[in-house]
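So, in structure tokens, the structure goes:
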């Protein structure tokens, strides 16, 4: 079965590609820790071909549709932002980087910006479009957890407004480059400790830095194990985010788009504050969004 086109999600830390047949079936899936931050300028085509080259045919040009940070200023080729309120996807404004290999024709999708308060997204708009493909009448809030989590208000098929929270990056910085690094290492988890810390931060966010140091002190004086310490750190930072995003989730249904443990962490945090929350598979939403973009590009190809 030959590859009709290739769908790519190229983020800051990871590169994911799906080889798609003419009937829409996924022929192969490739993933690598080759995010935009690890690729040198001028090496994007080479990096992509290392991942998908074996699936390409030598006698035809295969379309490649890319979402995510490949379109950032530090990426392959900067793609424009479309200003919210707006539809999630604008394939007609996708950019086409120059490629040397005649087997591929690449399009990189646009991102979305917000003027006030200033905010941007790249990649999440494709997931949002994919979710709306199967929920066209959705009116509510989508939360896309990640290193930089997005809270997005959607109505009438459009992104109305959104905010980004750097919770994941703050966790990583504190867990690796602070005095807490010695007590939160590992992968353990303690749900009660997470919820207790979350609620404490929600009730008294002004005590944030004191709470953080208490994790270190508790490990020294009370023998707090690393799973508890790690969970408390996560709960403290999530409490800030959940409190800051209250205007989004308090009176609207919230759908978490993602997968794996992170979505479950967000779900438990939202359920702890009695929010109305559901989940949707992030990979399916990404693929559905890229499919919509590919179908649109066939109708209105980029010059």
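In this note's numbering, the protein residues as written are 53 to 355.
Each residue gets a CB set at the ideal place from its N, CA and C atoms; glycine is no exception.
{"query": "Same chain, Cβ closer than 7 Å to residue 342, five either side skipped, listed in chain order", "result": "59, 117, 119 and 178"}
{"query": "Which listed residue (193, 106, 235 and 238) has its alpha carbon closest to that of residue 155", "result": "106"}
{"query": "Uninterrupted alpha helix (DSSP H) stretches inside the region 283-327 (no shorter than 4 residues)", "result": "298-301 and 312-324"}
{"query": "The region 315-332 / the region 245-252 touching (three or more Cβ pairs under 8 Å)", "result": "yes"}
{"query": "Residue 115 (DSSP reduced to helix, strand or coil)", "result": "strand"}
{"query": "N-terminal and C-terminal residue of the alpha helix (DSSP H) that residue 222 is part of", "result": "219-229"}
{"query": "Residue closest to residue 222, alpha-carbon to alpha-carbon, out of 240, 212, 214 and 233", "result": "233"}
{"query": "Nearest to residue 224 (by Cα), restricted to the options 239, 170, 162 and 90", "result": "239"}
{"query": "Simplified DSSP state of residue 163, which is helix, strand or coil", "result": "strand"}
{"query": "As assigned by DSSP and simplified to three states, the class of residue 93", "result": "coil"}
{"query": "Local conformation of residue 276 per DSSP, three classes", "result": "coil"}
{"query": "Proximity below 9 Å, CB of residue 291 to CB of residue 253", "result": "yes"}
{"query": "N-terminal and C-terminal residue of the alpha helix (DSSP H) that residue 192 is part of", "result": "That residue, residue 192, is in no alpha helix (DSSP H); its beta strand (DSSP E) goes 192-196."}
{"query": "Three-state secondary structure (DSSP) of residue 102", "result": "helix"}
{"query": "Length of the line joining the Cα atoms of residue 209 and residue 88", "result": "30 Å"}
{"query": "Assigned exposure category for residue 140 - 16 Cβ within 10 Å defines buried", "result": "buried"}
{"query": "Test: residue 244 CB closer than 9 Å to a CB of chain C", "result": "In the structure shown, chain C cannot be found, because there is only a single protein chain."}
{"query": "Where the alpha helix (DSSP H) containing residue 185 begins and where it ends", "result": "176-186"}
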